[in-house]
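Working notes for the structure below.
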Amino acid sequence: DDSPLQLTRKMEVTINATVKAHCPNQRFFGQYWKLYSVASVSDKPDWTKPLQNPPFKSENTPSSIRVSTHSLSWGVYLLNFSVYIVTYDPTIPLKKDSDSIYIIIVKSPLQAVIPGDTNITVNFTDGLTLNGNMSSDPEAGNPLEGLHFFWYCTTDPRNYDGHEITVRSKEVCLPEQVDLRWTWAS
Numbered sequence: 078d079d080s081p082l083q084l085t086r087k088m089e090v091t092i093n094a095t096v097k098a099h100c101p102n103q104r105f106f107g108q109y110w111k112l113y114s115v116a117s118v119s120d121k122p123d124w125t126k127p128l129q130n131p132p133f134k135s136e137n138t139p140s141s142i143r144v145s146t147h148s149l150s151w152g153v154y155l156l157n158f159s160v161y162i163v164t165y166d167p168t169i170p171l172k173k174d175s176d177s178i179y180i181i182i183v184k185s186p187l188q189a190v191i192p193g194d195t196n197i198t199v200n201f202t203d204g205l206t207l208n209g210n211m212s213s214d215p216e217a218g219n220p221l222e223g224l225h226f227f228w229y230c231t232t233d234p235r236n237y238d239g240h241e242i243t244v245r246s247k248e249v250c251l252p253e254q255v256d257l258r259w260t261w262a263s
């Protein structure tokens, strides 16, 4: 499968490689991992410039690594695993092979939570409190850190179908407005 591995910064992953080799004349067998930052999936890295301090640790065998949480920044990476064999026979050249996988580190989506029913009906004289304190940025140390809350209401039912809303229109009210006329509801 050539699909890239998609992770968030909060995820930890163990990546394994399987190596099958039969070389009775083997003097040395080596295997190593290298990580490259790339602009996008399918881009080829500069093979001479792997990341200097890759953020992973080898597990019990060199063919397995663990990438810890928060160790990679957002972006696209190419993880390469290479093996090579040196024999005792000087007439047999160095044998090597490798395989790679793209890793995409994506931002976790914000979690917007307003407790209560989806549809709420109130009298015009009643107050309504919308509390977004259960919302969060899953990647922040403090889940509310950096969040800014914004609300609007609208008299245009088309604005509730999930598409973009023209906020500066006569059908949309903003917090600083004191009244709203629902012409189609009279």
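Numbering-wise (this note's numbering), the sequence shown opens with residue 78 and increments by one. Note that beta-carbon positions come from the ideal geometry of N, C-alpha and C, so glycine has one too.
Short Cβ contact (7 Å threshold) for residue i with residue j
i	j	result
residue 113	residue 122	yes
residue 163	residue 104	yes
residue 126	residue 157	no
residue 140	residue 94	yes
residue 214	residue 187	yes
residue 142	residue 82	no
residue 165	residue 102	yes
residue 197	residue 152	no
Residue range of the unbroken beta strand (DSSP E) whose run includes residue i
i	result
residue 157	152-164
residue 149	Unbroken run through residue 149: none, as it is neither H nor E.
residue 112	103-115
residue 177	172-183
residue 82	82-85
Contact belief for residue i with residue j at Cβ below 8 Å, rounded distance in angstroms
i	j	result
residue 144	residue 133	5 Å
residue 87	residue 185	7 Å
residue 146	residue 89	5 Å
Residues bridged to residue i (per DSSP)
i	result
residue 97	Paired residues: none, contrary to the question.
residue 141	93
residue 213	188
residue 134	143
Cβ of residue i within 7 Å of any chain D Cβ
i	result
residue 171	This model lacks chain D altogether, as it is built from one protein chain only.
Heavy atom of the ligand GTP within 6 Å of residue i beta-carbon
i	result
residue 220	The ligand GTP is not among the ligands present in this structure, which contains no ligands whatsoever.
- [ ] Would you be able to state if there are at least three C-beta pairs under 8 Å between the stretch 198-214 and the stretch 168-178?
- [x] no
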